[in-house]
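Peer 1:
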Amino acid sequence: RRALPRSAIVLQSCGCRTLSPPALMSRDISVDASFLESQRAKAEERRRRFEAAAREPPPPLPKRSMAWPGGKIVTPNKAEAIASFLERKAGSLDEAKERVLLGELGRAAAEAGAGAAAAASAGAAAASGAAVSSSRALAGLTLALSAGGDESGVGQAELAKSIRAAGGVVSNTVHKRVDLLVASARAVKRNTQAVRKARGKFRTPIVSPDFVIDSIAAGSKRDPALYAPTADRAARAAPPAAA
Numbered sequence: 005r006r007a008l009p010r011s012a013i014v015l016q017s018c019g020c021r022t023l024s025p026p027a028l029m030s031r032d033i034s035v036d037a038s039f040l041e042s043q044r045a046k047a048e049e050r051r052r053r054f055e056a057a058a059r060e061p062p063p064p065l066p067k068r069s070m071a072w073p074g075g076k077i078v079t080p081n082k083a084e085a086i087a088s089f090l091e092r093k094a095g096s097l098d099e100a101k102e103r104v105l106l107g108e109l110g111r112a113a114a115e116a117g118a119g120a121a122a123a124a125s126a127g128a129a130a131a132s133g134a135a136v137s138s139s140r141a142l143a144g145l146t147l148a149l150s151a152g153g154d155e156s157g158v159g160q161a162e163l164a165k166s167i168r169a170a171g172g173v174v175s176n177t178v179h180k181r182v183d184l185l186v187a188s189a190r191a192v193k194r195n196t197q198a199v200r201k202a203r204g205k206f207r208t209p210i211v212s213p214d215f216v217i218d219s220i221a222a223g224s225k226r227d228p229a230l231y232a233p234t235a236d237r238a239a240r241a242a243p244p245a246a247a
């Protein structure tokens with residue numbers, strides 16, 4: 005006797021009549037005509053939209069786009085881009101790279117025409133003046149910031165800009181290569197994450213924002229110990245405890 009599937013056995017035990025596969029396939033499938041019509045309308049609308057988009061001209065290239073293939077600036081406004089780059093990096097570029105960029109600026113200005121040449125010369129003069137006037141008081145130093153400028157009146161963004169202009173490097177976090185943490189009195193009082201890492205994990209000296217301001221004003225790096233928080237100065241001045 006041929007074995008029946010379990011479902012058929014259950015149906016027979018219940019007294020139900022089983023349907024053969026041909027009987028199941030012969031049943032009509034109802035289709036909503038309105039649904040099919042809505043799908044056809046959507047497909048037609050999508051086709052018209054794509055055809056209209058294909059006929060439109062491509063969008064224009066951005067006027068201020070910049071690319072660096074092979075380390076060279078490629079942009080429609082090359083003279084303006086180089087002048088802006090020199091102004092941003094004033095004091096942080098080495099002399100050889102600055103000379104190369106100034107040479108490229110002169111060539112780009114000559115190619116750009118009289119109007120662009122005048123603007124580029126003004127930018128080059130401003131960049132060169134900024135490079136000459138900015139001191140190298142913080143050259144070779146990597147500083148992290150946790151300063152709100154509460155005691156000096158200088159914000160953290162302005163402080164970072166001054167550090168870079170003076171030849172220093174600004175780090176976003178405290179790590180083993182950071183030489184100093186510039187922290188405001190408020191940051192030290194609140195014991196921010198940067199202060200905790202500087203004191204506990206990396207033993208990085210902490211100075212106030214006045215260290216940056218005074219070093220730039222003097223033209224040379226001041227003694228960081230004079231700008232340490234009061235608690236740190238007291239701890240260094242205290243005699244070692246007897247064993």
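In my numbering, the protein residues as written are 5 to 247.
Backbone N, C-alpha and C define an ideal beta-carbon position, used for all residues, glycine too.
(1) To the nearest angstrom, how far is it from the Cα of PRO213 to the Cα of LEU147?
(2) Counting beta carbon pairs with one atom in the stretch 220-228 and one in the stretch 194-202, are three or more of them shorter than 8 Å?
(3) In chain order, which alpha helix (DSSP H) runs of at least 4 residues are fully inside the stretch 175-223?
(4) By how many angstroms is the C-alpha of VAL35 removed from the C-alpha of ARG44?
(5) Helix, strand or coil, according to DSSP, for ALA85 in the structure here?
(6) Assuming the contact rule is C-beta atoms closer than 8 Å, SER188 and ALA161 should be a hit. Round their C-beta distance to whole Å, please.
(7) Rounded to the nearest angstrom, what separates ALA57 and ILE33 at their Cα positions?
(8) Report all residues from its chain with a CB closer than 8 Å to the CB of ASN176; omit the five preceding and five following residues, and keep chain order.
(9) CA-CA distance, ARG103 and LEU90?
(10) Take PRO61 and list the residues in its own chain whose beta-carbon comes closer than 6 Å to its own, dropping the five residues that flank it on each side.
(11) Using 8 Å for Cβ pairs, my map puts LEU142 next to ILE167. What's the rounded Cβ distance?
(12) Give me the residue from ARG207, ALA87 and GLU108 with the minimum Cα distance to LYS180.
(13) If I follow the unbroken beta strand (DSSP E) through ALA37, where does it start and stop?
(14) Any beta carbon from chain D within less than 7 Å of ARG190's own beta carbon?
(15) Count the other CB atoms within 10 Å of the CB of PHE54; is the residue buried (16 or more) or exposed (fewer)?
Peer 2: Answer, in terms of the structure:
(1) 11 Å
(2) no
(3) 189-194, 197-200 and 213-222
(4) 14 Å
(5) helix
(6) That belief does not hold up - the Cβ atoms of SER188 and ALA161 are roughly 14 Å apart, past 8 Å.
(7) 39 Å
(8) ALA148
(9) 10 Å
(10) none
(11) 6 Å
(12) ARG207
(13) Not the beta strand (DSSP E): ALA37 falls in the alpha helix (DSSP H), residues 37-59.
(14) Here there is only one protein chain, and chain D is not present.
(15) exposed
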